[in-house]
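Q: Sequential numbering from 92 applies to the sequence shown in my numbering.
Structure in structure tokens, see below.
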Amino acid sequence: MSIPRLWLSTLCMCLPITVFCQNAQLPTYEMHVSLNEIWDRAEKNNKALLAQNQKLVQSEEEVIQSKREQLPELGLAGNVARVTNMPVYTHGLFNGPDMFPVLHYTYTLGGEAQFLLYNGGKVKRNIEIEKIKHEVATEIRNSTRNEMRFKAASWYLTLKRSYFFRTLLREDIKEQEKLLLQIREMHKNGVVLKTDVLRAELRLSNQQMNLKEVENNIIIGSAQLDVVSGLPDSVIIVPDTLPRQIASPLLAGNETTQVNSALANDFTYKIAEAELAGSKLQLKQVQANLSPKVGLFADFKYSYPQIFLYPYEGAIYSIGLYGVKVSMPLSELYRNKHRVAAARSSIVQKEIQLSDKRDELAVQVKQLYIKYNESLERIDVAKTSIKRAEENLRIFRETYLNQLSLMTDLLDAENQLLQARFDLASANIASDMLYYQLQKTIGIL
């Protein structure tokens, strides 16, 4: 085989591998996305929320259907039949019958209408029950949306914290590289020991590894938000770096104000209230089983032959009936007792659950309110710690370069400053997390 042919065949074998490798690593690009944009995208792509939207549509249709139950019932019916011969045992069953002539075909076509006038108010009450079910479906949908927004905010803030950490590590690595150059120069001049150079190199390599870990966390966190918001996998989300605006109606008032706001807006508490109202209506429905049923009816038909009234006739006839129909369910006098007792027990159960939810919500709001105020204080403490750590590092750098302190003291001072900056970033993110969690609990997220 000649050299050109060998080169061409080798190129053809390597070309699919090259194309595969290029396709395996899709190009990525960064996109600045705000939290509100994440929420808007998530509401359009969240499957749990889309399912709740369909349940809401279903409950709306059921409300409309319950109202249609007030309309009169209309029906159309007909039949065609063949009539057999009719033996009549005039002389007893054990003697031969006499056969009477009959018309061998019969058919009927007619319509009927019924209109319910009174049934103990069960129809109108059923409409109210369906409206309550629709209200519950609405609150469940809102609660699902609330949970989705908080989960997205949690991932978004975690990603934001990773970006803060990356910035801090990059700045620290630059400072460490400058310091390492100075230490190496001092080692050449015989001012410091080789161990000082090794310690500085070790710290720099550790920080570079930490930076790699943070960058991987950014990729993972961005992938989570890509799935939630429906963005392509190739998008690396860059969150807003601006601080959250503290001014909000959430922070107005004291703990009691926050608890009252939660009781007025919390979706799970509204659901418990609606279920209690539904149980009370259900008790009235059960009690209405003893009520009489009053309605109007009308019936009109064509039939053959005429055997409805005497004298009979082998011809088509038509007849109409209309009037008032009244019925009384006497059996419910002894069958309905335990249904009523069960309905009353359900009301007591719902009242206990509502009271328990009220207490649980009050404790949760108070706890979050206290923790949120504590997080604001922690931010102030972290800022003060940074100022002190910066001054401490400045002193140790000067003393180390003047050979008045050890390398370990300098590294400890640098670690303290970096940790203080990490603590401030974490405190800001934790405060934001508590802020959104408190909003979620109160029901205004």
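Built from N, CA and C at the ideal position, the CB exists for glycine as well.
This one's a predicted model, so the numbers in the text were calculated from it and none came from an experiment.
Three-state secondary structure (DSSP) at residue 377?
A: Reduced to three states, the DSSP call for residue 377 is helix.
Q: From residue 234 to residue 244, what does the alpha carbon distance come to, in whole angstroms?
A: Approximately 15 Å, taken between the alpha carbons.
Q: What are the start and end residues of each continuous beta strand (DSSP E) run of 3 or more residues lying completely inside the region 161 to 236, in chain order?
A: Runs found: 164 to 173, 177 to 179, 189 to 191 and 196 to 209.
Q: Can you give me the start and stop residues for the beta strand (DSSP E) that residue 434 sits inside?
A: No beta strand (DSSP E) contains residue 434, which is instead part of the alpha helix (DSSP H) from 428 to 492.
Q: Out of 146, 458, 257 and 535, state which residue places its alpha-carbon closest to the alpha-carbon of residue 227.
A: Answer by Cα proximity: 146.
Q: By the DSSP assignment, the alpha helix (DSSP H) with residue 404 in it spans what residues?
A: Careful: residue 404 lies outside any alpha helix (DSSP H) and carries neither H nor E.
Q: Tell me the rounded alpha-carbon separation between residue 396 and residue 434.
A: If I take the Cα positions, the gap works out to 53 Å.
Q: Determine the direct distance from the alpha carbon of residue 157 to that of residue 201, and round the result to whole angstroms.
A: Roughly 28 Å between the two C-alpha positions.
Q: Does the beta-carbon of residue 509 have 16 or more other beta-carbons within 10 angstroms, so that it is buried, or is it exposed?
A: Classification for residue 509: buried.
Q: Across which residues does DSSP place residue 357 in a beta bridge pair?
A: Bridge partners of residue 357: none, in fact.
Q: Would you report the Cα separation of residue 391 and residue 173, rounded to the nearest angstrom?
A: Each residue's alpha carbon lies about 23 Å from the other.
Q: How should residue 350 be labelled, buried or exposed, when 16 other C-beta atoms within 10 angstroms of its C-beta is the threshold for buried?
A: Counting Cβ neighbours within 10 Å, residue 350 comes out buried, since at least 16 surround it.
Q: To the nearest angstrom, report how far apart residue 429 and residue 137 are at their CA atoms.
A: Going by the C-alpha atoms only, they are around 44 Å apart.
Q: Could you tell me the alpha carbon to alpha carbon distance between residue 225 and residue 218, rounded to whole angstroms?
A: If you take the alpha carbons of residue 225 and residue 218, they lie about 11 Å apart.
Q: Which residue's Cα is closest to the Cα of residue 520: 466, 503 and 511?
A: Nearest C-alpha to residue 520: 466.
Q: Do residue 385 and residue 162 have their beta-carbon atoms positioned less than 9 Å apart in this structure?
A: No.
Q: Leaving out the 5 sequence neighbours to the left and right, which residues in its chain are closer than 7 Å to residue 121 when beta-carbon positions are compared?
A: Excluding positions up to five away in sequence, the list reads 327 and 329.
Q: Helix, strand or coil for residue 312 per DSSP?
A: Of the three classes helix, strand and coil, the one that applies to residue 312 here is helix, per DSSP.
Q: Assuming residue 534 and residue 358 are in contact, meaning their beta carbons sit under 8 Å apart, how far apart are those beta carbons, in whole angstroms?
A: Correct: roughly 6 Å between the Cβ atoms.
Q: Who are residue 388's beta bridge partners in DSSP?
A: Bridge partners of residue 388: 205 and 414.
Q: Within 10 Å of its beta-carbon, does residue 471 have 16 or more other beta-carbons around it, so buried, or fewer, so exposed?
A: Residue 471 is exposed by the Cβ-count criterion.
Q: Tell me the residue span of the alpha helix (DSSP H) that contains residue 129.
A: Element bounds for residue 129: 126 to 136.
Q: I think residue 247 touches residue 126, with their Cβ atoms under 8 Å apart; what is that distance to the nearest whole Å?
A: Right, the Cβ-Cβ distance comes to about 5 Å (below 8 Å), so this counts as a contact.
Q: Going by DSSP, what residue range makes up the alpha helix (DSSP H) through residue 539?
A: With the chain covering 92 to 536 only, the question about residue 539 has no answer from this structure.
Q: How many angstroms separate the CA atom of residue 380 from the CA atom of residue 221?
A: Taking the straight line from one Cα to the other gives about 19 Å.
Q: Which residue from 203, 312 and 525 puts its Cα closest to that of residue 413?
A: Nearest of 203, 312 and 525 to residue 413, Cα basis: 203.
Q: Take residue 209 and list the residues in its own chain whose beta-carbon comes closer than 6 Å to its own, dropping the five residues that flank it on each side.
A: The residues are 385.
Q: Where does residue 419 sit, in a helix, a strand or coil, going by DSSP?
A: Correct three-state label for residue 419: coil.
Q: Under a three-way DSSP split, which group does residue 409 fall into?
A: Reduced to three states, the DSSP call for residue 409 is strand.
Q: How big is the Cα-Cα spacing for residue 451 and residue 325?
A: Distance between the alpha carbons of residue 451 and residue 325: 43 Å.
Q: Could you work out which residue in 399, 422, 420 and 418 is closest to residue 411 when comparing CA atoms only?
A: That would be 399, whose Cα lies nearest to the Cα of residue 411.
Q: Three-state secondary structure (DSSP) at residue 320?
A: Correct three-state label for residue 320: helix.
Q: Does the Cβ of residue 532 have 16 or more other Cβ atoms within 10 Å, making it buried, or fewer, making it exposed?
A: Buried: at least 16 other Cβ atoms inside 10 Å.
Q: Quick check on residue 77: does DSSP put it in helix, strand or coil?
A: Since the first residue shown for the chain is 92 and the last is 536, residue 77 is missing from the structure and cannot be characterised.
Q: Terminal residues of the continuous alpha helix (DSSP H) containing residue 525?
A: Looking at the DSSP string, the run of the alpha helix (DSSP H) that includes residue 525 is 498 to 533.
Q: Quick check: the Cα distance between residue 171 and residue 409, rounded to an integer number of angstroms?
A: Those two C-alpha atoms are separated by around 16 Å.
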